[in-house]
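Novice: To start, I am sharing the structure in question, which I have written as structure tokens.
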Amino acid sequence: MTEVVIRRVRKRPMNLELNSCCRSTIHDWEPRSRIVSMGLLLISIVTLQSLALAFLGLVISFGFLVLSRTSWKHVASNLRWPLLFFMPFLLVLPFTVEGETVASLCNLSASRQGSLLGFLIFLKGFAAVILAQVLQGSSPLSVTALALRDLGIPDSLVQIFLFTYRYIDLLGQELVSSFRSISARGFEWQSNSRTAKVYGNAFGVLLLRSLARSERMFFAMVSRGYNGHLPAIKARRMNLWDWVKALSVVVIALALQFPGVMGWSML
Amino acid sequence: MEYAVEVESLCYSYPGGDMALQDVSFRLRRGGSLGLLGPNGAGKSTLLLHLNGLLIGTGSVRIMGKRVVKDNLYWVRKKVGMVFQDPEDQLIMPSLWEDVAFGPRNLGLEEDEVKKETLWALQATGLADLAQRSPRSLSFGQKKRAALATALSMRPKILVLDEPTSNLDPRSKRDVVALMKSLKESGTTIIFSTHDVNLVPLLADEVLLLNRGVVAVGKTQEILSERKLLEEQGLEMPLFADLFDELRSDGKYSGPLPFTKEETRKAIRRITDKLNYSI
Chain A
406 MTEVVIRRVR KRPMNLELNS CCRSTIHDWE PRSRIVSMGL LLISIVTLQS LALAFLGLVI
466 SFGFLVLSRT SWKHVASNLR WPLLFFMPFL LVLPFTVEGE TVASLCNLSA SRQGSLLGFL
526 IFLKGFAAVI LAQVLQGSSP LSVTALALRD LGIPDSLVQI FLFTYRYIDL LGQELVSSFR
586 SISARGFEWQ SNSRTAKVYG NAFGVLLLRS LARSERMFFA MVSRGYNGHL PAIKARRMNL
646 WDWVKALSVV VIALALQFPG VMGWSML
Chain B
4 MEYAVEVESL CYSYPGGDMA LQDVSFRLRR GGSLGLLGPN GAGKSTLLLH LNGLLIGTGS
64 VRIMGKRVVK DNLYWVRKKV GMVFQDPEDQ LIMPSLWEDV AFGPRNLGLE EDEVKKETLW
124 ALQATGLADL AQRSPRSLSF GQKKRAALAT ALSMRPKILV LDEPTSNLDP RSKRDVVALM
184 KSLKESGTTI IFSTHDVNLV PLLADEVLLL NRGVVAVGKT QEILSERKLL EEQGLEMPLF
244 ADLFDELRSD GKYSGPLPFT KEETRKAIRR ITDKLNYSI
């Protein structure tokens, strides 16, 4: 089992920055206005209550994906786990929400309302994850982090965000090396209290190592003049196109919330 | 003489721990190089942390004549570049470029200057082509050089390196040594700790033998010729010197001990010349 984990870690390192250096309309967009307007669109999509609008939200998300020229393969590989998370809504809600029965399976009846609700949650989740990937992948993580700080997110949170991304792989490697050393000494996973204890110890050691590493990291940062704040980089000024893009996205977000105003009453 | 580093009666204990440094004193001239040798737990890393003001013990540490105190730590960190043993501790940003630019930005340089210094440090370490890569995607040797670049981009007058060649393959080790040599030639004062006694003669003018306190300090060749002293500290003589010291004991060699390849070649020539003469 440990070997499987090791191979997985090696084969699929997390890379959120794979598409950050591409050029596209989305990449060229000033980061702060992009975060705010696309963030609004994202909130608008996840609060939709109509299936048709949620589908439209998904189409819009795909539109942004095309505009951002993000690698579809990369997005598809990142979608696996979120989709696995949304799948239970699709499968469980039809059988747990009361309503008009549309089908029966082994004495379980699936309701129309439950099916629609499950599908709605699935569509909204799918659309939100795609949009979030476009938003996050369209600039280097450090640029996104600094833009967040410029938008008023506390410096400490921004730094936690940056360092978590940088060090999560390293923590994974340390965990793998702990499990490897356990396996090398003949330990085999079983469903008993000894396994739980050994795993508990391994995670405990990981925490201690993390603490020691964070201390050394802090020293390394302080030695380079760090004083508790990330150094400021002059933010790019917003030009006319940035405003146009931001306003367009805000209009889309509002239109999804108030379809009647846009003449989309049939949705 | 103007000194880059002056340490006087430095003592330090970790909270709840034993004395890590006891009455350590030494001086290093500007542009000089010093190799710190000592067994594990001798306090080498602890001493190096004091040179950047990351730890402050009792006694005094002076950098370019100024005493290291809380009020001038910013100035100290501008002058003293620090390279840590594990590069993973030093590479904190999502991209190599951001990491190397981190120091200059902390110094408050204009973005044009930041770019210039970052590019120079990346070029000096041979990593310019990898600037946009994530540090975690680099090999260990590249990470070591990247860690060096993060310190170099601040153009320090004094470079402090904790075991700069540990865990490196021979080629990466050669690259790091060549880089350190060129920095030394350009006038940077270098202090490094190591367990590799063969590395010391290549880079250090002086050696400090540390075991919580100063065991010996002096010219590299003098200290590294002291077999008994080194063995008492769990160390050994450099390979070439060790061999020729034994030949000297056997009466087969009478010249000075060699420490580098070139010196060894000369020493071998001495022996062969002597043999030809006697034949």
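Residue numbers (our numbering), protein chains in the order written: chain A, 406 to 672; chain B, 4 to 282.
Where a beta carbon is used, it is the ideal one built from N, C-alpha and C, also for glycine.
Computed from a predicted structure; not experimentally measured.
Taking Cβ to Cβ, would you say L575 of chain A is nearer than 8 angstroms to L611 of chain A?
Specialist: no
Novice: Among the candidates B:E11, B:G38, B:G68, whose CA atom is the shortest distance from the CA of M4 of chain B?
Specialist: B:G68
Novice: Could you give the distance in angstroms between the alpha-carbon of K650 of chain A and the alpha-carbon of I448 of chain A?
Specialist: 17 angstroms
Novice: CB-CB under 7 angstroms to V655 of chain A, same chain, minus the five flanking residues each way: which ones, in chain order?
Specialist: S442, L445
Novice: Could you tell me which of A:K529, A:W594, A:S582 sits nearest to A457 of chain A, measuring between CA atoms?
Specialist: A:K529
Novice: Going by beta-carbon coordinates alone, are S28 of chain B and E11 of chain B separated by less than 8 angstroms?
Specialist: Taking 8 angstroms as the Cβ cut-off, S28 of chain B and E11 of chain B qualify as a contacting pair.
Novice: Given this structure, state the Cα-to-Cα distance separating R621 of chain A from G542 of chain A, to the nearest angstrom.
Specialist: 30 angstroms
Novice: Give me the chain B residues within the contact set of Y570 of chain A, using Cβ-Cβ distance strictly less than 8 angstroms, ordered along the chain.
Specialist: P97
Novice: Contact check, L233 of chain B vs E239 of chain B under 8 angstroms by CB: the rounded distance?
Specialist: 6 angstroms
Novice: L470 of chain A and I535 of chain A - do their beta-carbons sit closer together than 8 angstroms?
Specialist: yes
Novice: So for V610 of chain A, helix, strand or coil by DSSP?
Specialist: helix
Novice: Of all the CB atoms in chain A, is at least one closer than 8 angstroms to the CB of Y17 of chain B?
Specialist: For Y17 of chain B, the answer is no, since every Cβ of chain A falls outside 8 angstroms of its Cβ.
Novice: Exposed or buried, which one is F608 of chain A when buried takes at least 16 other CB atoms within 10 Å?
Specialist: exposed
Novice: If you check the beta carbons only, do L54 of chain B and I194 of chain B fall under 8 angstroms apart?
Specialist: Cβ atoms of L54 of chain B and I194 of chain B: closer than 8 angstroms.
Novice: Taking P90 of chain B as the reference, which of B:T168, B:R268, B:G111, B:L13 has the closest Cα?
Specialist: B:T168
Novice: Does any C-beta atom of chain B lie closer than 8 angstroms to the C-beta of P636 of chain A?
Specialist: Chain B has a Cβ within less than 8 angstroms of the Cβ of P636 of chain A.
Novice: Would E101 of chain B pass as an interface residue toward chain A - the criterion being a Cβ-Cβ separation below 8 angstroms?
Specialist: By this cut-off, E101 of chain B is an interface position.
Novice: Just to confirm the assignment, what range does the beta strand (DSSP E) spanning D26 of chain B have?
Specialist: 22-32
Novice: When the Cα of T549 of chain A is compared with those of A:S466, A:R641, A:S514, which residue comes out closest?
Specialist: A:R641
Novice: Is R474 of chain A near D555 of chain A, with beta carbons less than 8 angstroms apart?
Specialist: no
Novice: Where are the beta strand (DSSP E) runs, 3 residues long or more, that stay fully inside the segment 497-547 of chain A, in chain order?
Specialist: 506-510, 513-516
Novice: Apply the 10 Å Cβ neighbour rule to W434 of chain A and answer buried if 16 or more other Cβ atoms are within range, or exposed otherwise.
Specialist: buried
Novice: Can you tell me which of the three DSSP states S36 of chain B falls into?
Specialist: strand
Novice: Give me the chain A residues within the contact set of L57 of chain B, using Cβ-Cβ distance strictly less than 7 angstroms, ordered along the chain.
Specialist: F624, V627, S628
Novice: Measuring only the C-alpha atoms, how far is T569 of chain A from F143 of chain B?
Specialist: 21 angstroms
Novice: Grouping DSSP H, G and I as helix and E and B as strand, with all else coil, what is F243 of chain B?
Specialist: helix
Novice: Would you give the residue range spanned by the alpha helix (DSSP H) that A104 of chain B belongs to?
Specialist: 99-109 is the span of the alpha helix (DSSP H), which, as asked, contains A104 of chain B.
Novice: Using a Cβ-Cβ cut-off of 8 angstroms (strictly less than) and excluding sequence neighbours within five positions of Q135 of chain B, which residues of its own chain qualify?
Specialist: S98, L99, W100
Novice: Determine the direct distance from the alpha carbon of A219 of chain B to that of S16 of chain B, and round the result to whole angstroms.
Specialist: S16 of chain B and A219 of chain B: Cα-Cα distance of roughly 21 angstroms.
Novice: Please list, in chain order, the chain A residues whose beta carbon lies closer than 9 angstroms to that of M157 of chain B.
Specialist: Under the 9 angstroms cutoff, chain A gives R629, G630.
Novice: Based on the DSSP secondary-structure assignment, which residues constitute the bridge partners of L211 of chain B?
Specialist: B:L39, B:V220.
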